[in-house]
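Have a look at the structure below, then the notes.
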Amino acid sequence: MSIATWVWIPFILALVTLVATPLMKRMPQAFSLALAAVMLVPGILCVQQLVAGESQQYSLAWFEALGINFDLRSHPFSLFFGALIFLIGASVVAYTGFYLTPKKFVNRFMVALLVFAGSMVGLVFSNNILLMFLFWELTSVSSYFMIGHYHEQLDSRKKALQALLVTGTGGLVLLAGFALLGSMGGSYLLSELVEKRELLVNHELYTAMVICIFIGAFTKSAQFPFHFWLPNAMAGPAPASAFLHSATMVKAGLFLLAVMSPIIGGTALWNQTLMVIGGITLIISCLSGLVQTDVKKLLAYSTTAALGFLTMLLGIGTEEAFVAFVLFLAAHAFYKAPLFMIAGSIEHHAHSRDIRTISGLCKAMPGTSIAAGMALLSVAGIPPMAGFIGKEYAYKATSFYPSSDINLLTIVAVFGAAVMIALSALAVVGPLWRKSEKPEHRHETTVQWGAPLFLTMIGLAVGLAPIWFASTFQSMAASLWNDDVNMAIKLWAGVNLPLVLSIITVATGVIIYLYIGRFRPAGEKIYAGFAKWGPERAYDASLAGMLAFAKWQTNAIQHGRLRGYIAATFASATALIAYKLWFSWSWQDYQVSFDNPAAELAVAIIGVIMLLAALFALKARSRLKAIVGMSIVGLGIALLFAVFSAPDLAITQILVETLVAILLAFVLPLLPEMRRYASKAVKRTDLAISLSAGLVMAIIVLKSTSVNLHVPISDFMGEQSYLMAHGKNVVNVILVDFRAMDTFGEVTVLAIASIGVLALLRTTAKEAGCGHKTSIILRVVGKFLLPILMVLALIVFYRGHNEPGGGFIGALLGCCGFGLILLNSSDSGLVAKTQRLSKLLLGVGLFLSALAGVVGSLAGTDFFTGLWIAPNLPLIGELHLGTPLLFDVGVFLTVIGFTCTVLASFSNQPLEKEY
Amino acid sequence: MDVILAIVIGGLFAASVYSLLQRSLFRMVIGVVLLSQTANLIVFTAGGLTRGKAAFIADDATQLAEAAADPLPQALVLTAIVIGLGVTSFLLALLLKGVRKAQIDDLDKLNPL
């Protein structure tokens, strides 16, 4: 079976679980057992390959350009980890089906568990460090879901978040370390980096890289000062604790440190940091653990202690130390996971986790008790359990470092090991074997005790037959040590220093277990005092600080005041453009020339009038004056259009100004007086922002006139306007033919705007009927004017293709007359009629415009391609009729519909009381 | 003449931004109208200014003269002017409805609503 298949198996099982949720819910136990059986297969294969000394490589192209591929490899140490994950994973999966019920969402938990197992497998088999990082983060995320499984409890969510944040932040730092490592070594493959140790160790960035990788590993493996999250993560269900916090996830950091040892290890920085941090973690965990009374917390602290122990061994970095590391790692995994399962069963049965109140469960759970006894023997290091060999070799490593004297390291190790025994014993001995008054009936399922017993049996097997596994463990240590390991691994090495130390350890552990109860009250006080100042406080403070900062900056940036947003937008846009202009400005590009002084003067006069009018509009205290100022600006623009060869624009502008004036005439009486609210300081900032925005805009305009990046596309339009589109007014031809699609979009916008106005200003029949004071002169004039303007509109529309005019202008012209009528009418019937008619016009107009486009499509050309026919009529002669004409009719009708809808809607607004 | 127009545009732009920054809703509407007019003028100016040569094909010609004004920016601006009318009318309708509901012309006091 390929190594890649191993990685995918748990993910596929997760998917199956997800799909088969109903089945899982109906029979969770059978389903879990089936899953466990599948998980066992790769586990056994791992062991088989490990014993046979086989290794594999696998590569799948992924981001080839970046040199990141799906590279996997196996070596003895990773096969060992793979076996751990699959074997322990299988028993945890089986156990989970019995521990959680469908009501407690066993299906969700199972999916997270399997995803986690898959990511762990991927992590240990990754050859590419970036791929490894990916799986690394995936373990953090999936463990978040497992720790926070009881999501209805606030505490559980909090602790899950804490675990995620601590390990996630560490993961980010690790990524930085990996990036450094990759760029320093010129490769992201572990198999290639191994050969570049000299280069890496002597690199100037070595220290920074190692610190980054340390932080990643220490957060994951709960080393000081990040150790606090692990005991807190006990908020999760027991299977999670058994899998994540004993055997796999927390070992990921150790795994990383171990595989990095031959690549970047062996320096003073590396060894001393690991020894010191491991030692501190060991001591702190031991001291904190002794005052606990919660079964799972006791085990959690003994786990962090063990992790510290293992880190310390890695720091020692001798041949003995690596051998001890792999032995202790194996022994620990095979007794700690069962202990967590047993703790789960105790909690399940007693509905409590307090060791002071639970007692005498051995009668109810005899199988569990046997498993617990086996595990305890291994913890204590009683031969022939695996724990015995693990500890034996650990003492060998410590006592031979740096020389063979008994040193501080050995004292710490003995103390740590003794307390670990006491902690494990405290967790299970009392609850199981202390005498209880209550008669208990047997209450346990086979899997509940079978799963932990299975694992302790593996531990026993390792201890009983070390000869079988000796070469395996040697090769594992060798893949870390990067050299041959010739040390003999056997159960009984005679009476020597390590054996004596082991006996001392067991004795001390038993003494601590027996007498700790007396010192607990005092210890708890001291512990509480220290805990207040522990690193968890820093975590809390930084979390609170981050939230406070986020709140502050949200309030500062997303304050909800529109004016603030507008000011910020204009100010920052202005500043950015000014910055850019500052570096690209050169005066030589601009020659101010006045070829035609008289004409320049005329333009200048128009400009001055416009600016004065704008100022007038700003300063005006009455709305009418403001509108007058605005209109003068608009008319000035119309004049400029006329001066600079744009008659169509000039006409359109004037007509639009007129219609806006009519609209405002409707609206003005309905609005409250406008006031000035701004204080002097606000005014000053407003003025500064608007003046600098104006200055920058002026410079941009000046620049834009001297820039000509592309050949204007309009050359083509000028050439073909008459030949292809039969029109001499090029502007109009562009609107209705060359760029008809744009125009179609624009009339659609108009239609939408008018529907919006209609909806906003809808009035009931009772409200409507306006109280305008009407002028009889205007009314009479309007009646005569309307037909004249309508005829004029048609003429302007028709001539538009060759002379100034067209659909837009014609429609606006006609509507001006209509606006005059509405302005002077108090007939609500007329308004209703107009609205009905104009809605119809909108629809018909849009339909005709679209039809003009569709005709082109139907004829086999593109949408909106002009098609022409030229019938020869008796009186008129040859007449060019084409789809652009149809399109212009559509535009004409839509604009009329739009304008009339809007005018009618505004004209019948009821007058309100004074504001 | 580019310089003169640039100054006029700068002034109008400043005036529109200033109007947009006002608390009075009606002044903001004026700001939007001014801004759309200024924008039209900017596009028009950026397209190049030509005097006395409108973009019409002469009666005896079949193609546009070389010296004629560029018709494309004019076509864009023409629709923009009409769209401006659409925007203004929609804005006025919004203003009217808003003022009716809130009975107020002060932007800052609209916030809690």
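The listed protein sequences correspond, in order, to chains A and B. Note that numbering that gives the first Met the number 0 gives residue 112 to position 113 of the first sequence, counting from 1, and the numbers run on in steps of one. Note that numbering that gives the first Met the number 0 gives residue 13 to position 14 of the second sequence, counting from 1, and the numbers run on in steps of one. The C-beta atom is built at its ideal place from N, Cα and C for all residues, glycine as well.
Can you tell me where the beta strand (DSSP E) with A/ILE67 in it begins and where it stops? Working through the first sequence from its first residue, we reach residue 67 of chain A at position 68. Per DSSP, A/ILE67 belongs to the beta strand (DSSP E) from 67 to 72.
Please report how far the alpha carbon of B/LYS96 lies from the alpha carbon of A/PHE227, in whole angstroms. Stepping through the second sequence from its first residue, residue 96 of chain B is reached at position 97. Stepping through the first sequence from its first residue, residue 227 of chain A is reached at position 228. Each residue's alpha carbon lies about 59 Å from the other.
Our contact map puts A/ALA342 next to A/LEU298 with C-beta atoms below 8 Å; I'd like the distance itself, whole angstroms only. In the first sequence, counting from the first residue as 1, residue 342 of chain A sits at position 343. In the first sequence, counting from the first residue as 1, residue 298 of chain A sits at position 299. Right, their Cβ atoms sit about 6 Å apart.
Between which two residues does the beta strand (DSSP E) containing A/SER689 stretch? Working through the first sequence from its first residue, we reach residue 689 of chain A at position 690. Counting along the chain, A/SER689 falls outside any beta strand (DSSP E), though it belongs to the alpha helix (DSSP H) covering 679 to 704.
I'd like the span of the beta strand (DSSP E) that includes A/ALA60, first residue to last. The count along the first sequence starts at 1 and reaches residue 60 of chain A at position 61. Where A/ALA60 is concerned, the enclosing beta strand (DSSP E) stretches over 56 to 62.
State the Cα-Cα distance for the pair B/ILE3 and A/GLY606, rounded to the nearest angstrom. Stepping through the second sequence from its first residue, residue 3 of chain B is reached at position 4. Stepping through the first sequence from its first residue, residue 606 of chain A is reached at position 607. The alpha-carbon atoms of B/ILE3 and A/GLY606 are separated by roughly 7 Å.
A/THR4, buried or exposed, once every other Cβ within 10 Å from all chains shown has been counted against 16: On the first sequence, position 5 is the one that residue 4 of chain A refers to. The residue in question, A/THR4, is exposed, as its Cβ has fewer than 16 Cβ neighbours within 10 Å.
Shorter than 7 Å from the beta carbon of A/PRO646 to some beta carbon of chain B? As a working mapping, residue 646 of chain A is identified with position 647 in the first sequence. Yes, contact with chain B.
Can we say the stretch 258 to 267 of chain A touches the stretch 208 to 216 of chain A, given the rule of at least three CB pairs closer than 8 Å? yes
For A/PHE321 and A/PRO21, what's the separation of their Cα atoms in angstroms? Translated into positions along the first sequence, residue 321 of chain A becomes position 322. Translated into positions along the first sequence, residue 21 of chain A becomes position 22. Rounded to the nearest angstrom, the two C-alpha atoms are 47 Å apart.
Which bits of chain B does A/ASN728 rub up against, with CB to CB less than 7 Å? Residue mapping note: residue 728 of chain A aligns to position 729 of the first sequence, counting from 1. Those within 7 Å of A/ASN728 in chain B are PHE55.
Can you confirm whether A/MET609, when its beta carbon is compared against all beta carbons of chain B, has any partner nearer than 7 Å? By 1-based counting over the first sequence, the position of residue 609 of chain A is 610. Yes, contact with chain B.
Whose Cβ in chain B lies nearer than 7 Å to the Cβ of A/SER720? Here the question's residue 720 of chain A lines up with position 721 in the first sequence. The contacting residues are ILE56, LEU63.
DSSP three-state label for A/GLY881, please. As a first step, residue 881 of chain A must be located in the first sequence, where it is residue number 882. Residue state, collapsed to three classes: strand.
Hey, quick one: how far does the alpha helix (DSSP H) through B/ILE8 stretch, first residue to last? As a first step, residue 8 of chain B is located in the second sequence; it is residue number 9 there, counting from the start. 1 to 19 is the extent of the alpha helix (DSSP H) around B/ILE8.
Given this structure, state the Cα-to-Cα distance separating A/LYS832 from A/LEU821, to the nearest angstrom. On the first sequence, position 833 is the one that residue 832 of chain A refers to. On the first sequence, position 822 is the one that residue 821 of chain A refers to. The alpha-carbon atoms of A/LYS832 and A/LEU821 are separated by roughly 12 Å.
Taking only three categories from DSSP, how would you classify B/ASP59? The sequence position of residue 59 of chain B within the second sequence is 60, counting from 1. If DSSP states are grouped into helix, strand and coil, B/ASP59 belongs with coil.
Just verifying my parser: in three-state terms, what is the DSSP assignment at A/LEU188? Working through the first sequence from its first residue, we reach residue 188 of chain A at position 189. Three-state DSSP puts A/LEU188 in a strand.
For A/GLY828, is the classification buried or exposed, using 16 other Cβ atoms within 10 angstroms of its Cβ as the cut-off for buried? Start at 1 with the first residue of the first sequence, and residue 828 of chain A comes out as number 829. Exposed, by the Cβ-count rule.
By the 10 Å Cβ neighbour count, where 16 or more other Cβ atoms means buried, how is A/MET26 classified, buried or exposed? Translated into positions along the first sequence, residue 26 of chain A becomes position 27. Per the 10 Å Cβ criterion, exposed.
If the cut is a Cβ gap below 7 Å, which residues of chain A does B/VAL98 touch? To locate residue 98 of chain B, count along the second sequence from 1; it is residue 99. The contacting residues are LEU670, PRO671.
Give the interface partners of B/SER18 over in chain A, defined as CB-CB distance under 7 Å, in chain order. In the second sequence, the residue the question calls residue 18 of chain B occupies position 19. The contacting residues are LEU617.
Could you tell me the distance, in whole angstroms, from the CA atom of A/LYS838 to the CA atom of B/ALA13? The residue you call residue 838 of chain A lines up with position 839 of the first sequence. The residue you call residue 13 of chain B lines up with position 14 of the second sequence. The straight-line gap from Cα to Cα measures roughly 39 Å.
Note down, in chain order, every chain A residue with its Cβ under 8 Å from the Cβ of B/LEU77. As a first step, residue 77 of chain B must be located in the second sequence, where it is residue number 78. Result: ASP647, LEU648, THR651, VAL730, LEU734, PHE807.
If you run the structure through DSSP and keep just helix, strand and coil, what is A/SER403? Against the first sequence, residue 403 of chain A aligns to sequence position 404. Unreliable positioning characterises A/SER403 in this predicted model, as indicated by a pLDDT of 49, which lies under 50. The coordinate reading is nonetheless provided below. It is coil, neither helix nor strand.
Taking DSSP's pairing of strands, which residues face A/VAL867 in a bridge? Counted from its first residue, the first sequence places residue 867 of chain A at position 868. The sequence shown places Trp at residue 867 of chain A, not Val. In the DSSP output, where bridge partners are listed per residue, A/TRP867 has A/GLY881.
Under 7 Å between C-beta atoms, does A/PHE569 make it to chain B? In the first sequence, residue 569 of chain A corresponds to position 570, counting from 1. Yes, because at least one Cβ of chain B sits closer than 7 Å to the Cβ of A/PHE569.
Contact belief for A/PRO883 with A/ALA750 at Cβ below 8 Å, rounded distance in angstroms: For the purposes of this step, residue 883 of chain A is taken as residue 884 along the first sequence, with counting starting at 1. For the purposes of this step, residue 750 of chain A is taken as residue 751 along the first sequence, with counting starting at 1. About 20 Å separates the two Cβ atoms, so there is no contact after all.
In chain order, what residues of the same chain lie with their CB nearer than 6 Å to the CB of A/LEU963, ignoring the 5 residues before and after it? Here chain A has residues from 0 to 914 only, and residue 963 of chain A is not among them.
Cα separation between A/THR266 and A/SER501? As a position in the first sequence, residue 266 of chain A is number 267, starting the count at 1. As a position in the first sequence, residue 501 of chain A is number 502, starting the count at 1. Looking at the two C-alpha atoms, the distance is approximately 30 Å.
Compute the Euclidean distance between the alpha carbons of A/LEU199 and A/GLY522, then round it to the nearest angstrom. Start at 1 with the first residue of the first sequence, and residue 199 of chain A comes out as number 200. Start at 1 with the first residue of the first sequence, and residue 522 of chain A comes out as number 523. Their Cα atoms are separated by approximately 46 Å.
For A/PHE743, which residues in chain B fall below 7 Å Cβ to Cβ? Here the question's residue 743 of chain A lines up with position 744 in the first sequence. None at all; the shortest Cβ gap to chain B is about 10 Å.
Any beta carbon from chain A within less than 7 Å of B/ASP69's own beta carbon? For this step, residue 69 of chain B is matched to residue 70 along the second sequence. Closer than 7 Å to some Cβ of chain A, the Cβ of B/ASP69 qualifies, so yes.
Would you say A/PHE665 and A/SER906 are within 7 Å of each other, going by their C-beta atoms? Looking up residue 665 of chain A in the first sequence gives position 666. Looking up residue 906 of chain A in the first sequence gives position 907. Result yes, Cβ atoms of A/PHE665 and A/SER906 sit closer than 7 Å.
B/LEU95 CB to nearest chain A CB: under 7 Å? As a position in the second sequence, residue 95 of chain B is number 96, starting the count at 1. Closer than 7 Å: yes.
Is the CB-CB distance between A/PRO430 and A/ILE511 below 7 Å? Position 431 of the first sequence, counting from 1, holds the residue named residue 430 of chain A. Position 512 of the first sequence, counting from 1, holds the residue named residue 511 of chain A. Contact: no.
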